[in-house]
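This report refers to the structure that appears directly beneath it.
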């Protein structure tokens, strides 16, 4: 299985962002990728510094942005994961921070609304984002079971563990990880920790730009960084050896050896 992380910058221009996403989807396919992962809320830059509110740029799941990504996935026969702002009919002030997964046939197979919002480090995502209430469920693919979680949720080991208990093979984590003291170190450490404690691959796809740290990475079930990026835009492509998962779990059966009776 070959995975490509499109480590990109985003802007307030949705049309330009979409055009670039489609370009990178085609580039990923040209490099033989089966999956291409685009970061959190890539659809538009709607942060406190941008002057744009998520609700102003949000769309429904059948809107133009996702429809165009579905067509690009179908045309290139590649899985696409991408972050967007999803509108809510009865809320004009806020939107969902949603990540979608589209299969090779251009079908929407998962839409995950971020549940744990980034109300930390003097930021308050909950002012403009509606918290999701969706369950944590794996997506069954021909490559194995895949889970989705978003950015700040890396700091909550309970979420990744929910996917591990469903025998997830890969956890995809789109992010807009904000820059700041210790933040880049936290990003790298948490991705490796979630991979090690759950013996699964983790694909962390992060934005770049003035506000974000970059350093997207793919980590194997033993915590080995097998691919990573710096601070610039680009595709980070690597092959994932799915048999590695079972080899690691035979040596390190930590999920199997849990004792839930002691954790209540």
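In my numbering, the protein residues as written are 45 to 308. For each residue, glycine too, the CB sits at the ideal point set by N, CA and C.
| request: Have a look at residue 262 and residue 173 and give me their C-alpha separation to the nearest angstrom. | output: Rounded to the nearest angstrom, the two C-alpha atoms are 28 Å apart.
| request: Within the same chain, show all residues whose beta-carbon is closer than 7 Å to that of residue 75, passing over the 5 residues directly before and after it, in chain order. | output: Once the five neighbours on either side are set aside, the close Cβ partners of residue 75 are 48, 279, 281.
| message | Between which residues of its own chain and residue 176 is the CB-CB distance below 8 Å, once the five residues before and five after are set aside? | response | Cβ neighbours of residue 176 within its own chain (closer than 8 Å, five residues either side excluded): 140, 141, 142, 156, 157, 158, 159.
| said: Is it buried or exposed, residue 179, if we count other Cβ atoms within 10 angstroms and call 16 or more buried? | reply: The C-beta of residue 179 has fewer than 16 other C-beta atoms within 10 Å across all chains shown, which makes the residue exposed.
| message | On the CB-based measure, 16 or more other CB atoms within 10 Å of its CB, does residue 199 come out buried or exposed? | response | Around the beta carbon of residue 199, fewer than 16 other beta carbons lie within 10 angstroms, which makes this residue exposed.
| query | What residues match up with residue 51 in a beta bridge as DSSP calls it? | reply | Within the DSSP secondary-structure output, residue 51 pairs in a beta bridge with 278.
| task | Could you please give me the residues that DSSP links to residue 218 through a beta bridge? | result | Bridge partners of residue 218 according to DSSP: 249.
| task | Assess, as a yes-or-no matter, whether the region 253-268 is touched by the region 231-240 under the definition of 3 or more beta carbon pairs within less than 8 Å. | result | The region 231-240 is in contact with the region 253-268.
| request: Look at residue 102 and residue 146 and say whether their C-beta atoms are less than 7 Å apart. | output: Cβ atoms of residue 102 and residue 146: not closer than 7 Å.
| field | Neighbourhood of residue 99 by C-beta, 8 Å cutoff - its chain only, sequence neighbours within 5 removed | value | Scanning its chain for C-beta atoms nearer than 8 Å, with the 5 sequence neighbours on each side dropped, one finds around residue 99 the residues 129, 131, 135, 136, 137, 138, 139, 172, in chain order.
| query | Are three or more beta carbon pairs between the region 245-260 and the region 80-94 nearer than 8 Å? | reply | Counting C-beta pairs with one atom in each stretch, the region 245-260 and the region 80-94 have three or more that are closer than 8 Å, which means they touch.
| Hey, residue 45 and residue 286: beta-carbon distance below 7 Å or not? | Contact: yes.
| request: Mind reading off the beta-carbon distance from residue 289 to residue 243? Whole number of angstroms is fine, and I expect it under 8 Å. | output: The Cβ separation is near 7 Å, so the contact holds.
| message | Quick check: what's the CA-CA separation for residue 150 versus residue 266? | response | Cα to Cα, residue 150 sits roughly 33 Å from residue 266.
| field | Minimum C-alpha distance to residue 220 - residue among 191, 201, 239, 255 | value | Measuring from the Cα of residue 220, the nearest candidate turns out to be 255.
| field | Three-state secondary structure (DSSP) of residue 131 | value | The three-state secondary structure of residue 131, taken from DSSP, is strand.
| query | What is the C-beta distance between residue 153 and residue 194, in whole angstroms, given that I count them as a contact (C-beta under 8 Å)? | reply | In fact, because the Cβ distance is near 17 Å, the residues do not count as touching under 8 Å.
| request: Take residue 90 and list the residues in its own chain whose beta-carbon comes closer than 8 Å to its own, dropping the five residues that flank it on each side. | output: 56, 96, 97, 98, 100, 101, 129, 172.
| Bounding residues of the beta strand (DSSP E) (the contiguous stretch that carries residue 271) | Bounds of the beta strand (DSSP E) holding residue 271 are 269-272.
| message | If you reduce the DSSP assignment to three classes, tell me which class residue 85 lands in. | response | Residue 85: coil per DSSP, three-state reduction.
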